[in-house]
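>
Numbering (this note's numbering), first residue to last: 66 to 145.
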């Protein structure tokens, strides 16, 4: 199945605007809220800020690892 959508203009923290493959989603957990998700069809993993994981009530007990990308690496929590 193929889904098509238009790129969405998103304002970055530095005030610039860029078009990104983003879609509106609703996250449901301990709290529920609407947000925008960035689609990365080439990604091996999905990531979210710790603050969102905490709002959703996710169990944050896991081991730390590194996530690698075009910008380098970042320390991340592996919840598998």
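Glycine included, every Cβ here is placed at the ideal spot set by N, Cα and C.
Residues bridged to residue 102 by DSSP?
Per DSSP, 88.
> Could you pull out every residue in the same chain whose Cβ sits closer than 8 Å to the Cβ of residue 122, ignoring the five residues on either side in sequence?
Taken in chain order, the residues that qualify are 94, 95 and 96.
> Do you know how far the Cα of residue 127 is from the Cα of residue 81?
Cα to Cα, the separation comes out at about 35 Å.
> Restricting to Cα atoms, I'd like to know which of 133, 143, 102 and 85 is closest to residue 92.
Of the listed residues, the one whose Cα sits closest to residue 92 is 102.
> Rounded to a whole number of angstroms, what is the C-alpha to C-alpha distance between residue 84 and residue 135?
Using only the alpha carbons, I get a separation of about 18 Å.
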